[in-house]
Structure formats: C-alpha cells, structure tokens
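Whatever position you read off the sequence shown (first residue = 1), add 15 for this note's numbering.
For glycine and all other residues, C-beta sits at the position ideal for the given N, C-alpha and C.
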Amino acid sequence: MVICKSCLACIRGTADVVEHDYAGTSGLEGEAAITYRHHATTESFRKALEVKCRICTALWTKLGGRNQTTSEGISELSASASSVEDDNEGSSARGTPASDEMIGEHRCQVRIEPDETCVGLMFEWMHRDGGDEDVEYTQWLLRPTRSERRVAKTKSTGSADSMQLARQWLRRCLSDHHTCQEAHIGWYPVRLLDLGQRRSGSTFKLVETASLQLNEPYITLSHCWGGGEVFKLTADNKSSLESGYRIDKLSKTFQDAMKVCRELGVRYLWIDSLCIIQDAFNPVDWMAQAGDMHKIYSHGLCNIAATASRSGEEGLFRDRDPALIGREYIELSNAAAQRPISPGLYELLPIEWRLEQVDYAPLNQRAWVLQERLLAKRTLHFTQQELLWECLEADFSESFAAGIPDELAKYTLKAIASLRPAPSQSEKHQEAERARIFNRWWTIADQYSSSLLTVTGDRAMAVAGVAKAFRDMLKDTYLAGMWKSRLAVDLMWHAELEDDRQETRDLSAYRAPSFSWLSLECRVVNWFNTDEYDVVEPLYQVIDLYLEHVSADTTALIKHGELFVRGHLVQARLEKPSEDDADHRWNVAYYDDTITLPDHTRHKMPTHTKANEHYFLLAGKANRGRMFCFILEVVDAQDGTYRRIGLSQTAIRDFPDLPGTFGRIAGKGRYPCNKYDEATGLYTIRIV
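Structure, rendered in structure tokens:
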C-alpha cells in the first residue's frame, strides 16, 4: 500500500495552508480545523494514481474512474495537466482551475470527531467549469493505535486464504456469539439443493425436505437475476433436477455459491430460482413460499451474498489488487507547526469503504435483497475487493479480520433479530424500546422504497417477510406498510421525488390503496419517526381501515383497501409553479381568497388529476412549528370517496388557528363526504 507525498504532507501538516476554519471543531490540541492544498497540478495527481496511492485512487473512483480503465483515465489527466494558482482578486480562496479541463484543487480538511478519539480527513476535488462548480470528496479517519496489524493479502476473493477466513468467522460466531445462537435446525424450506457429501462433486440434486429426515443446516444465496435469461425451476424440468444436474451448466454465481457451501462444510443450499417453481401463469408455489421468506432466511445457517454482481454470469469471486486492501499506518511527530493532531501512531480508515463495498453495491439496490439481508442472522458478502461478514454481534472483513472498527461498523445495516428488546419491568423502558423499533421500521421503509424491483407488483411481497418479523416483535397489527397502534401518525408519510418529472403511481396496475406508501414507486419518508419532528399531534381521527388481501397472508399482496377518517376538510386548488421555480413543487391556495398557504406541497401533482377536484384534510401539527395536510382528489363524489395524492406542510406561525380557519370555510357540508357533522363541522370520508 502507498500513500503519496501530497497526501502525507496534508496529514502531517507540512502542506501549504489554504485557510483556517476558526468556526470549526477544536482539535485534540485545541486548534481549529485547517484546509491544506493537496495536488497543485493534475500531473501530480496522475503520478499518485500510477503508484496506486490509496487515498487518490479512492478519490479518482469518485470522479468516475470506475467507468474507464486506469490507463485511459491517467492519459486524460496527463493531457490536461497544468498548475492551479490562487486567485488573489476575489475568487475562491481554495484556488481557481487554470482551464475548463479536469483541473482543480484537492483539499484536505482536517477536523476532529465529537468524541475526540479520531481525526476526520476530507480529500476534496473541486472543478469549476464556467459558473458551475462540481465537488467530489473521499473521507477518512485517523485513529490512534499502539501497534500495526498487517493483513495477509491474496489476489482473489476466492482464494484458499479467503475461504479459510470465512470458516474462522463462522466457527467463531457459532461458538462465541450468544445472540446468534438461535436454533437453525428444525424448520426447512419446501426444497433444497443437495450438494452431496463430497467436496468435489460435479452434480447436485433438488430434494423435497418433507421426504427427508434432515438434521443439518442449510445456506441461502442472495443474488441479482440480471436482465438476461436465467435458468430456473419449472414444472417441466423439476424431475431432471431431482435426478441430478451438472453444476457446470449453471450460472457462474450458482457454481461459486456451491463451492463456498462445500468450503464451509455445508451440504444443503437454497436458491430462490432453483427451489421455487417459477411459473408466471400458475404462481401457486411462488405465493406459498414467498410467504415463508422470513423463515427461509432467518433459519438458514448463513446467507451468501453476491454483493458485487449484477447478474449470475459475474460470479462471486473477484480478482483484486492486494495493494488496495488492508490497512495503512502513519507515524506523526511533533515537527509540524500547523496541524490539529497529536503526535503518535495512527491507523488510516476509509469512512465510506463499507458503504461503497456493500450498501451501494449492485446487489443491495434490489428491494428483495434488502429483506434477505435483514432476515438472515449471518451474511457473508463477496464484494469487489474483499470478503465481509455480518452477524448479530460482530462485523469482520479481510482488512479487519478481528473486527471492523466501531467508527466504520456503525454504518452497518444490522439484521432484524438484533432489535429484539431485552426483558424489562420498566414501562417507560418498554415504550422507549417500542419507539426504537418503530423508528427502525421507517428507516427500512425509506431504504426499501428507494430500492429497485423488476416486477413492481411484488412491492408488498418483497417486504412481507420483514413485516412478519416486526409484527412478532411489536405484537401489533400490520396494515399495508403501517402499524395499527400508531396508524394516525404512520399515515403521514410523504414521497421524496428526485425531480418534478418522476411519476409516483401507475394507476394501470393496482398494488395497494393510495393511503399506503406501498402504492408508490419512489422513495418514501415519515418525518415523525425520525429526528426531523420528534413530537406530532394528529388533528384527524381514523375511524376504520379495511384491507382485502389476495391470500390469507395479511402481510402480502393487497386486492383492495378502504380508510375511513374524520376531520376538517376544505376545497383547494393546486397551482403549477413558474418554469423558473427550481423546486418544481405546487403552490396551494384555497377557494376563499383570504387564505393562501405560502409553502409548497411535498408531492408532485400526478398528471391524471383535475385542477378542480382537490381537497385538503387537516392531518396534524409537529413540534417545530409545522402544520400538515393530506392532499386528496375526488374519486366518487356520491359517497365521498377520495384518493390520496400527497402531503403538504406549512408554518403554524402563518396560520396559528388553522383548524379554526378550516372550520369557518369548510363548506357547511357541501363537499363530497360519507358523513357530515353539523355540530363540529367535521367530515367523514373514505380514501381508497
């Protein structure tokens, strides 16, 4: 491993200082954060890439180097190399590029973490093209350490050394981790792949577990199907797989997974496409086993994750450059005059390393895989650079074979089983534990709704296993992505759109009622289960909720749903913003000319809506001076049926008595409704 001279100069405090950030966090020695000049020319940066500087290579990847070969990228840098000079006549103090080529200034901004145990480093590339400015950066930590730990490095993640390490992690978990020790034997999926007792066999068999007396574990596989043709189990080929099938006829990922199973000493493997009959015209087997997905992954001994692979042809194993894995150590002395870092031996840790290798990898962009990862107690990730291990008690990697540091492990997405509340006699503690679990549910909903689905109709099914696990922990009733005990708050989710052109709901394919976030095809957030708003008071009442499911599984596919609510209703119009409105949101104005909400709605208007059919139902108020309303459109005026199309917010200071204002202009019962109460001015409506 190599750290180039420019990076070392920034870390050691001997590089040219660009600016002092006196408003920054104080350092270990009471000094402010400092910004240093990194590479003064792109030629210097190019040379750092040639010698494989660990930090510069990570930054180059952020700049798009992953999409081209290193030689091509370095050639581009060489062709555009020139000096980056300070502009002393009014431009940025961090320097101005000499041209519009890929020239800019890297900066090292040193800051101290709040706990004052680590030093944060930000290596930043700024590129200015005319009036536009692009910034990319890579973040690292310097952690004090007493000794160096070297990592054995091989050129492949499928090497004998890597497999030996995976066996060690599994054995350590089985012997030492009490939280992970729930029994794995006793329940089995309908079918498994039998790899035989020999470690080098060339065939496997599909077996029905009900006909066997099994008393040994099985392993599961998480993988991307990819866009091409995938070999899968059908009614036609089932008998041939049961009599024995050649492993070398399978995709590379399946072959590699079988090799890993044998390396771990496990005979049985479960793969969705080979253990569930895939028949789009007769999905009986798929429906039955999809409902057991929470058991399939939670009862498996371990889950093998093809984390870096976009399809079955890419396989599990990767060739790698040993110089780019492992750890880097830096000795800092007292010599530097301008450095807010104490002297000593430090370990260099890439903050985003785990996120980029696992969370942002191709596999973990799929919604189904998020569920699999959350349900499995142990996951062995095969990433682009190394093996990583996740279980309920520990996180390992080839770089950190004894355990990933807490500063990096805090970004780990832990399995649901780690959430189980400890027994407590304190009612206050129990409520705090429930609140923590509810918050985790909405964090998962955020991640899940941001993930991809090949078949959008699978949306409810792809989270059903997670819902069952949460239902068991919470002892609550699951209602289309929400929970009965806090339904009035859960209903106040909102869509987060990438831009104004993104559609959120395809009306041609029914997935869920409009009041459920499962009906959308975009990221969904519930502020009231995060730190955004920690107190909320619903200003409407849930009367009833009715759901009809496709099967007896109430966490699975939904056929129809109706929500009855009572509250303040007012007719409104949504005005399209001007073309130069950067937010591309919709202004709100009531038909009574005396009231206009100045804020924007948090939802793009669907293209199918009509401007004169919009209504607002007062939803609630939060602790930070915000008021929220459901945006509705009429579906059937005769019986007061509406469809939810968004959630708006406004400042309470603009309308301190918004409920009273709604009451005064609420139409005296003339709006479409299921029932109107003249005494209170409240409407009962149905939302579908």
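Handout entry: Check whether leucine 572 and alanine 482 have beta carbons under 8 angstroms apart
Key = If you number the sequence shown from 1, residue 572 lands on position 557. If you number the sequence shown from 1, residue 482 lands on position 467. Against a cut-off of 8 angstroms, the Cβ pair of alanine 482 and leucine 572 comes out as no contact.
Handout entry: Contained alpha helix (DSSP H) runs [length at least 4] in the segment 434-511, N- to C-terminal order
Key = For secondary structure counted as the alpha helix (DSSP H) over 4 or more consecutive residues, the segment 434-511 holds these complete runs in sequence order: 442-464, 479-489 and 502-505.
Practice task
With DSSP collapsed to three states, give me the class of phenylalanine 332.
Solution key: The residue given as residue 332 occupies position 317 in the sequence shown. In the three-state DSSP reduction, phenylalanine 332 falls in the coil class, being neither helix nor strand.
Practice task
Grab me the residues of threonine 699's own chain with a C-beta within less than 8 angstroms of its C-beta, minus the 5 sequence neighbours each way, in chain order.
Solution key: Residue 699 sits at position 684 when you count from the first residue of the sequence shown. Counting only Cβ-Cβ distances below 8 angstroms, and skipping sequence neighbours, we find Ile558, Phe579, Val580, Arg581, Gly655, Cys688, Asn689, Lys690, Tyr691 and Asp692.
Problem - Three-state secondary structure assigned by DSSP to glutamine 293 - result: Reading the sequence shown from its first residue, position 278 is the one you call residue 293. Coil.
Practice task
From the DSSP output, in three-state form, read off isoleucine 26 for me.
Solution key: By 1-based counting over the sequence shown, the position of residue 26 is 11. Residue state, collapsed to three classes: helix.
Problem - Cβ-based neighbour list, valine 504, same chain, cut-off 7 angstroms, excluding 5 preceding and 5 following - result: Stepping through the sequence shown from its first residue, residue 504 is reached at position 489. Contacts found: Phe543, Val551 and Pro553.
Practice task
With DSSP as the reference, please indicate the residues paired to asparagine 318 in a beta bridge.
Solution key: Residue numbering aside, residue 318 sits at position 303 when the sequence shown is read from its first letter. Note: asparagine 318 is bridge-paired with Thr235 and Thr394 in the DSSP secondary-structure output.
Exercise for the section: Whole angstroms is fine: what's the gap from glycine 135's alpha carbon to arginine 164's? Expected result: As a position in the sequence shown, residue 135 is number 120, starting the count at 1. As a position in the sequence shown, residue 164 is number 149, starting the count at 1. Taking the CA atoms as reference points, glycine 135 sits about 21 angstroms from arginine 164.
Handout entry: At least 3 beta-carbon pairs within less than 8 angstroms: the segment 438-453 vs the segment 366-384
Key = In short, these stretches do not touch, since the Cβ pair count stays below three.
Problem - Assigned exposure category for serine 663 - 16 Cβ within 10 Å defines buried - result: Residue 663 sits at position 648 when you count from the first residue of the sequence shown. Buried, because 16 or more other Cβ atoms sit within 10 Å of the Cβ of serine 663.
Exercise for the section: Measure the alpha-carbon distance for asparagine 252 versus methionine 302 and round it to whole angstroms. Expected result: As a working mapping, residue 252 is identified with position 237 in the sequence shown. As a working mapping, residue 302 is identified with position 287 in the sequence shown. Across the structure, asparagine 252 and methionine 302 are spaced so that their CA atoms are roughly 20 angstroms apart.
Handout entry: Extent of the continuous alpha helix (DSSP H) run through glutamine 653
Key = Residue mapping note: residue 653 aligns to position 638 of the sequence shown, counting from 1. For glutamine 653, there is no enclosing alpha helix (DSSP H), as DSSP gives it neither H nor E.
Exercise for the section: Note down the Cα distance separating tyrosine 37 from glutamine 462, rounded to an integer number of angstroms. Expected result: Here the question's residue 37 lines up with position 22 in the sequence shown. Here the question's residue 462 lines up with position 447 in the sequence shown. Here the model assigns tyrosine 37 a pLDDT of 43, short of 50, so the residue's position is not dependable, and the following value carries that caveat. Taking the straight line from one Cα to the other gives about 37 angstroms.
Practice task
Determine the burial state of alanine 181: buried for a count of at least 16 other Cβ atoms within 10 Å of its Cβ, exposed for fewer.
Solution key: Position 166 of the sequence shown, counted from the start, is the residue given in the question as residue 181. The residue is buried, with at least 16 neighbouring Cβ atoms inside 10 Å.
Handout entry: asparagine 638, buried or exposed, once every other Cβ within 10 Å from all chains shown has been counted against 16
Key = Position 623 of the sequence shown, counting from 1, holds the residue named residue 638. If you draw a 10 Å sphere on the C-beta of asparagine 638, you find fewer than 16 other C-beta atoms in it, and that means exposed.
Exercise for the section: Please determine, among Ile18, Met488, Cys25 and Leu560, the residue with the shortest C-alpha to C-alpha distance to lysine 62. Expected result: Locating residue 62 in the sequence shown gives position 47, where the first residue counts as 1. The shortest C-alpha separation from lysine 62 is found at Ile18.
Practice task
Give the straight-line distance between the Cα atoms of leucine 385 and asparagine 379, rounded to the nearest whole angstrom.
Solution key: Along the sequence shown, one-based indexing puts residue 385 at 370. Along the sequence shown, one-based indexing puts residue 379 at 364. Going by the C-alpha atoms only, they are around 6 angstroms apart.
Exercise for the section: Tell me whether cysteine 68 sits in a helix, a strand or coil according to DSSP, three-state version. Expected result: Position 53 of the sequence shown, counting from 1, holds the residue named residue 68. In the three-state DSSP reduction, cysteine 68 falls in the strand class (E or B).
Practice task
Would you kindly work out how many angstroms separate the C-alpha atoms of threonine 72 and phenylalanine 397, rounded to a whole number?
Solution key: Against the sequence shown, residue 72 aligns to sequence position 57. Against the sequence shown, residue 397 aligns to sequence position 382. CA-to-CA, the gap between threonine 72 and phenylalanine 397 works out to about 21 angstroms.
Practice task
Return helix, strand or coil for lysine 170, following the three-state DSSP convention.
Solution key: Locating residue 170 in the sequence shown gives position 155, counting from the first residue. Here lysine 170 carries a coil assignment [DSSP, helix/strand/coil].
Handout entry: Alpha carbon of leucine 221 to alpha carbon of serine 531, nearest angstrom
Key = As a working mapping, residue 221 is identified with position 206 in the sequence shown. As a working mapping, residue 531 is identified with position 516 in the sequence shown. Between the C-alpha atoms of leucine 221 and serine 531 there is a straight-line separation of about 39 angstroms.
Practice task
Hey, could you find the ends of the alpha helix (DSSP H) tryptophan 542 is sitting in?
Solution key: Translated into the one-based positions of the sequence shown, residue 542 becomes position 527. Element bounds for tryptophan 542: n/a, residue is neither H nor E.
Problem - Assigned secondary structure, histidine 575 (DSSP; H/G/I helix, E/B strand, else coil) - result: In the sequence shown, the residue the question calls residue 575 occupies position 560. Assigned with DSSP and collapsed to three states, histidine 575 falls in strand.
Exercise for the section: Flag aspartate 31 as yes if its beta-carbon sits less than 8 angstroms from any beta-carbon of chain C, otherwise no. Expected result: Among the chains in the structure shown there is no chain C, since it carries only a single protein chain.
Problem - leucine 156 to leucine 423 span [Cα, whole Å] - result: Residue mapping note: residue 156 aligns to position 141 of the sequence shown, counting from 1. Residue mapping note: residue 423 aligns to position 408 of the sequence shown, counting from 1. Those two C-alpha atoms are separated by around 9 angstroms.
Handout entry: DSSP-derived helix/strand/coil call for isoleucine 340
Key = Translated into the one-based positions of the sequence shown, residue 340 becomes position 325. In the three-state reduction of the DSSP assignment, isoleucine 340 falls in the coil class, being assigned neither a helical nor a strand state.
Exercise for the section: Please confirm whether glutamine 212 and arginine 282 have their CB atoms less than 8 angstroms apart. Expected result: On the sequence shown, residue 212 is found 197 positions in, with the first residue counted as 1. On the sequence shown, residue 282 is found 267 positions in, with the first residue counted as 1. Yes. Within cutoff.
Exercise for the section: Using three-state DSSP, classify glutamate 401 as helix, strand or coil. Expected result: Locating residue 401 in the sequence shown gives position 386, counting from the first residue. Coil at glutamate 401, not helix or strand.
Problem - First and last residue of the uninterrupted alpha helix (DSSP H) at isoleucine 311 - result: The residue given as residue 311 occupies position 296 in the sequence shown. 308-313 is the span of the alpha helix (DSSP H), which, as asked, contains isoleucine 311.
Exercise for the section: May I ask you to check if the CB of phenylalanine 485 is nearer than 7 angstroms to at least one heavy atom of the ligand FMN? Expected result: For the ligand FMN, the structure offers nothing, since it holds no ligand at all.
Practice task
Check whether the segment 403-411 touches the segment 182-195, counting contact only when three or more Cβ pairs, one atom from each stretch, lie closer than 8 angstroms.
Solution key: Under the 8 angstroms Cβ criterion, the segment 403-411 counts as touching the segment 182-195, having at least three qualifying pairs.
Practice task
Check whether the Cβ atoms of leucine 562 and alanine 495 sit closer than 8 angstroms, and answer yes or no.
Solution key: Working through the sequence shown from its first residue, we reach residue 562 at position 547. Working through the sequence shown from its first residue, we reach residue 495 at position 480. Between leucine 562 and alanine 495, the C-beta gap is smaller than 8 angstroms, which places the two residues in contact.
Handout entry: Range of the contiguous alpha helix (DSSP H) that encloses tryptophan 532
Key = Within the sequence shown, numbered from 1, the residue matching residue 532 stands at position 517. Careful: tryptophan 532 lies outside any alpha helix (DSSP H) and carries neither H nor E.
Problem - Opposing strand residues paired with aspartate 410 [DSSP bridges] - result: By 1-based counting over the sequence shown, the position of residue 410 is 395. Aspartate 410 pairs with Glu405.
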